[in-house]
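K.L.:
To start, I am sharing the structure in question, which I have written as structure tokens.
Given below as structure tokens:
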């Protein structure tokens with residue numbers, strides 16, 4: 415899935431200096447029992463790689479004390495940075511702090527600052543603080559505290575012999591800001607990670623990985639020895655990351671090459687950074703003060719969710735309909751019964767009627783519709799499982815496209831949604847450029 | 415999150431015999447880079463714990479050959495069963511098979527059955543098979559093959575000295591059926607896992623964990639020494655698992671106690687097993703041949719998705735509306751403008767108008783609506799962030815309830831959806847029991 419393509423294999427690279435080994439220990443019976451997904455790995459892995467680091471290993475173990483001690487001792491002996499998540503709370507199965515202290519040979523000392531933070535927090539919520547909470551007010555004697563603005567258990571920081579231990583609380587809304595605001599800057603200050611993003615990412619849509627590589631290869635060849643290039647494909651989108659291959663390649667230089675790539679890619683280029691297709695469409699809609707309405711059958715709310723998951727969606731998203739029955743298509747979107755009788759619900763005609771109906775009913779400038787067979791059931795000879803019709807309504811007219819993806823239901827749905835979003839994006843870019851020709855806004859420095 | 419409550423601490427338990435240690439090694443740079451969530455841990459952890467086993471550890475490492483060899487050697491020395499995922503494909507970064515063979519001291523031999531399976535698969539898809547695919551046709555000399563009905567790379571099985579190695583392909587739609595249909599039955603035949611589910615799970619909704627425990631404690635006390643009880647809470651739902659505490663406690667006995675618990679819980683009891691709230695509602699709707707329509711604002715499609723993610727949703731789900739703008743509430747659901755002007759979009763009045771509008775427009779017997787402030791923005795003094803109004807329309811009338819949850823946006827949304835689904839479930843159960851009084855159908859033996 416990730417294919418690094420060094421532009422010149424013989425060039426000296428920044429990889430010559432070994433990267434500090436970073437290990438992540440995620441604690442919790444609920445992870446091993448499959449009751450909760452290991453979102454910490456995804457988040458922490460992403461944030462570290464953005465800053466030029468790399469998780470070497472993630473070990474998940476349960477809440478059992480001796481297992482925690484044994485695993486921590488092993489990771490601490492091997493890695494330069496050890497990050498743990500979970501097990502810092504007030505209940506009796508939160509034993510991580512004690513076990514780790516034993517391995518480090520560190521005393522746990524009561525910290526008044528933490529205790530005061532906790533009391534303050536309980537006061538603010540108007541609740542009495544029970545004594546077991548004070549268990550969270552202990553830190554390592556030679557360690558520091560990472561304050562927690564969103565919960566009671568603080569994080570812990572400990573350094574020895576050039577090694578770092580970071581202990582983070584389990585709830586994602588506590589862990590994530592603590593990592594980004596406190597831990598990453600400290601690791602950057604120590605030289606373990608880069609200060610900011612260590613690569614420039616170009617996002618593309620609607621073009622395959624190998625076609626993309628062919629388009630960009632002449633640019634990479636012209637900068638042989640300067641760049642490392644990696645591609646990552648996901649359901650209709652491909653990201654391309656440019657990193658410096660040598661320490662003397664500046665950020666400005668990377669951005670210059672990235673701009674050349676973006677210009678070469680034209681409409682296939684989505685943007686720099688990490689914004690989703692929906693976010694990019696949302697920004698373009700806001701810029702044009704235009705509203706969007708959507709309608710969908712087989713994707714069952716996924717198209718609407720991709721917009722409503724963004725905050726402030728009321729500014730550009732009028733609404734959506736999930737139309738399973740023919741009745742709902744007629745009632746919610748004014749799809750004429752004749753279209754459904756003559757062409758069926760999975761047809762270009764119905765997709766067009768849905769997109770136009772959604773936009774016109776809600777007074778939106780753009781309407782986007784998806785209808786099809788996501789599988790595993792449904793489908794017919796003409797339109798087998800995996801066939802989707804996507805329609806886009808704009809002020810210039812309304813069109814439909816037929817697509818077909820093999821694969822499991824969830825992948826088919828996601829592909830169809832990404833295809834629809836990318837089509838909308840291309841139309842929005844055209845509309846913008848028609849309004850202000852000669853002003854290509856690639857956005858790298860706008861962020 | 416998981417709190418085991420032994421009903422009698424001094425009783426001998428089935429835990430006296432040590433459980434076979436099972437370790438999972440998940441391979442892939444994309445996991446450590448945070449590009450893909452580690453869904454294999456969730457799925458495999460769940461399936462193993464259902465059958466009375468327990469994952470002791472999950473290690474995620476990248477695609478680098480020496481790291482794979484070192485990690486496998488470590489896990490193989492320590493565990494009774496080692497399961498690996500990924501790295502079995504045809505490309506050059508799929509090195510797992512070779513590295514593991516070296517550690518085991520096993521030759522890799524070409525297997526004609528696998529090669530023929532692959533050729534057949536390519537023929538069926540009308541594509542030529544490139545030679546690099548034949549790399550996947552190798553198995554361990556003393557090992558076996560797990561055939562793959564959904565992809566080219568077969569799984570591998572190897573036993574030695576009472577230890578088992580299971581190697582599974584990475585794509586979830588290949589791995590999951592292979593695990594359930596081939597691996598779990600083999601492990602059960604060896605006595606590593608139970609033949610079927612080793613516990614009886616009661617799902618409950620709308621009651622907290624400690625209240626639930628108090629309600630059931632008299633039943634547990636009456637069966638002291640027979641049962642192990644564990645609770646697991648998730649966003650408005652609590653599961654209670656009963657397992658045998660002694661080898662002589664039969665499955666029938668467990669089910670008998672579970673029936674007692676279900677009867678004691680009354681309407682708070684959702685069902686036995688693993689069905690979601692949406693699935694239970696769907697089954698009740700199908701049973702009554704009734705259709706459902708939904709309407710939502712802040713949950714942005716999550717309510718609709720919980721039904722459309724179920725296969726065959728057209729049978730009971732008429733459709734849904736995601737109404738962000740006031741325009742959309744008026745146009746899609748006939749919400750009167752006066753209600754929006756006088757009471758606002760986040761109000762009991764609007765929720766009621768949305769639920770009734772959705773049901774009446776689509777000719778559905780039931781209408782379910784959610785409107786509110788999921789946060790982090792929005793909210794006012796009267797209805798702060800986290801306030802949601804849920805409304806339910808039935809043939810008997812339409813009502814609204816106000817709920818408020820603190821917490822991050824995603825949790826607030828999920829809570830509100832679960833609250834709405836649980837309310838619908840309770841009404842559907844009432845409607846069913848009114849139709850056939852004296853026939854409580856608890857469903858344990860119906861599944």
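Chains as they are written, first to last, in my numbering: chain U, 415 to 861; chain X, 415 to 861. For glycine and all other residues, C-beta sits at the position ideal for the given N, C-alpha and C.
Taking only runs of the alpha helix (DSSP H) that begin and end inside the segment 634-694 of chain X, which ones reach a length of at least 4 residues, in chain order?
P.N.:
For the segment 634-694 of chain X, whole alpha helix (DSSP H) runs of length 4 or above, ordered along the chain, are 665-679.
K.L.:
So which residues of chain X does residue 728(U) contact, with C-beta pairs closer than 8 Å?
P.N.:
Per Cβ cutoff of 8 Å: 738, 739.
K.L.:
Starting from residue 732(X) and walking both ways along the alpha helix (DSSP H), at which residues does that stretch end?
P.N.:
Looking at the DSSP string, residue 732(X) is not in any alpha helix (DSSP H); the run it does join, the beta strand (DSSP E), is 731-737.
K.L.:
Less than 7 Å between C-beta atoms, sequence neighbours within five positions excluded: which residues of the same chain meet that for residue 853(X)?
P.N.:
Any reading at residue 853(X) must be qualified, since the residue scores a pLDDT of 46, below 50, and its modelled position is unreliable; no value is offered.
K.L.:
According to DSSP, simplified to helix, strand and coil, what is residue 441(U)?
P.N.:
In the structure shown, residue 441(U) sits in a strand (DSSP, three-state: E or B).
K.L.:
How many Å lie between residue 541(X) and residue 503(X) at the Cα?
P.N.:
For residue 541(X) and residue 503(X), the distance between alpha carbons rounds to 17 Å.
K.L.:
Just tell me which of 674(U), 616(U), 847(U) has its CA closest to the CA of residue 691(U).
P.N.:
The shortest Cα separation from residue 691(U) among 674(U), 616(U), 847(U) belongs to 616(U).
K.L.:
Mind checking whether residue 607(U) and residue 462(U) have CB atoms under 9 Å apart?
P.N.:
Against a cut-off of 9 Å, the Cβ pair of residue 462(U) and residue 607(U) comes out as a contact.
K.L.:
Grab me the residues of residue 883(X)'s own chain with a C-beta within less than 6 Å of its C-beta, minus the 5 sequence neighbours each way, in chain order.
P.N.:
What is shown of chain X runs 415 to 861, which leaves residue 883(X) out entirely.
K.L.:
Pick helix, strand or coil for residue 472(U), following the three-state DSSP scheme.
P.N.:
Strand.
K.L.:
Quick one: using the 10 Å Cβ neighbour count with 16 as the cut-off for buried, is residue 594(X) buried or exposed?
P.N.:
By the neighbour-count rule (16 or more Cβ atoms within 10 Å), residue 594(X) is not buried but exposed.
K.L.:
When you compare only the Cα positions, how much space is there between residue 546(U) and residue 508(U)?
P.N.:
Looking at the two C-alpha atoms, the distance is approximately 11 Å.
K.L.:
Mapping DSSP to helix, strand and coil, what is residue 533(X)?
P.N.:
DSSP places residue 533(X) in helix when its eight states are reduced to three.
K.L.:
For residue 508(X), decide whether its Cβ has a neighbour in chain U, counting only Cβ atoms nearer than 9 Å.
P.N.:
Closer than 9 Å: no.
K.L.:
Taking all protein chains shown into account, decide if residue 464(U) is buried (16 or more other Cβ within 10 angstroms of its Cβ) or exposed.
P.N.:
Classification for residue 464(U): buried.
K.L.:
Compare the Cα-Cα distances from residue 757(X) to each of 794(X), 673(X), 745(X) and report the closest residue.
P.N.:
Cα-wise, what sits closest to residue 757(X) is 794(X).
K.L.:
Using a Cβ-Cβ cut-off of less than 8 Å, give me the residues of the segment 780-805 of chain X that come near chain U, in sequence order.
P.N.:
Taking 8 Å as the Cβ-Cβ cut-off against chain U, the residues of the segment 780-805 of chain X that qualify are 790, 791.
K.L.:
For residue 721(U), write down the residues that DSSP places opposite it in a beta bridge.
P.N.:
Looking at the DSSP assignment, residue 721(U) forms no beta bridge with any residue, so it has no partner.
K.L.:
Out of curiosity, what's the CA-to-CA distance linking residue 445(U) and residue 497(X)?
P.N.:
For residue 445(U) and residue 497(X), the distance between alpha carbons rounds to 16 Å.
K.L.:
To the nearest whole angstrom, what separates the beta carbons of residue 629(X) and residue 678(X), a pair I think is in contact under 8 Å?
P.N.:
About 6 Å separates the two Cβ atoms, so the contact holds.
K.L.:
Mapping DSSP to helix, strand and coil, what is residue 550(U)?
P.N.:
Residue 550(U): helix per DSSP, three-state reduction.
K.L.:
Closer than 8 Å between beta carbons: that is the criterion. Which residues of the segment 469-480 of chain X meet it against chain U?
P.N.:
Flagged, chain order: 469, 470, 471, 472, 473, 474, 475, 476.
K.L.:
Applying the criterion that 16 or more other CB atoms from any shown protein chain within 10 Å of the CB defines a buried residue, is residue 735(X) buried or exposed?
P.N.:
Under this definition residue 735(X) is a buried residue.
K.L.:
Compute the Euclidean distance between the alpha carbons of residue 424(U) and residue 514(U), then round it to the nearest angstrom.
P.N.:
With a pLDDT of only 36 at residue 424(U), under 50, the local geometry of the prediction cannot be trusted, and no value is derived from it.
K.L.:
Would you say residue 675(U) reaches chain X, if we count a Cβ-Cβ gap shorter than 9 Å as a contact?
P.N.:
For residue 675(U), the answer is no, since every Cβ of chain X falls outside 9 Å of its Cβ.
K.L.:
Excluding sequence positions up to five away, which residues of its chain have a Cβ less than 7 Å from the Cβ of residue 855(U)?
P.N.:
With a pLDDT of 43 at residue 855(U), under the threshold of 50, the modelled position of that residue is not reliable, and no figure is offered here.
K.L.:
Residue 496(X) bridges to which residues according to DSSP?
P.N.:
According to DSSP, which records beta bridges pairwise, residue 496(X) is partnered with 437(X), 579(X).
K.L.:
I need the straight-line Cα distance from residue 574(U) to residue 548(U), nearest angstrom please.
P.N.:
Each residue's alpha carbon lies about 26 Å from the other.
K.L.:
Let's test the definition: count the other Cβ atoms within 10 Å of the Cβ of residue 805(X) and tell me whether it reaches 16, buried, or not, exposed.
P.N.:
So residue 805(X) counts as buried.
K.L.:
Looking at the unbroken alpha helix (DSSP H) that takes in residue 598(X), where does it start and where does it end?
P.N.:
Segment 598-603, the alpha helix (DSSP H) holding residue 598(X).
K.L.:
State yes or no: is the C-beta of residue 601(U) within less than 9 Å of the C-beta of residue 621(U)?
P.N.:
Taking 9 Å as the Cβ cut-off, residue 601(U) and residue 621(U) do not qualify as a contacting pair.
K.L.:
Using a Cβ distance threshold of 8 Å, determine whether the segment 821-835 of chain X contacts the segment 765-772 of chain X, with at least three qualifying pairs required.
P.N.:
Flag = no, the segment 821-835 of chain X and the segment 765-772 of chain X do not touch.
K.L.:
Per the contact definition of three or more C-beta pairs closer than 8 Å, is the segment 700-709 of chain U in contact with the segment 664-681 of chain U?
P.N.:
Judged by Cβ distances under 8 Å, the segment 664-681 of chain U makes no contact with the segment 700-709 of chain U, as fewer than three pairs qualify.
K.L.:
Chain X partners of residue 822(U), CB-CB under 8 Å?
P.N.:
Per Cβ cutoff of 8 Å: 586, 587.
K.L.:
Specify, as a first and last residue, the run of the beta strand (DSSP E) that residue 712(X) falls within.
P.N.:
Per DSSP, residue 712(X) belongs to no beta strand (DSSP E) and is neither H nor E.
K.L.:
So residue 759(U) and residue 740(U) are supposed to be a Cβ contact under 8 Å. How far apart are they, rounded?
P.N.:
Yes, they are in contact, since the Cβ atoms of residue 759(U) and residue 740(U) sit about 6 Å apart, within 8 Å.
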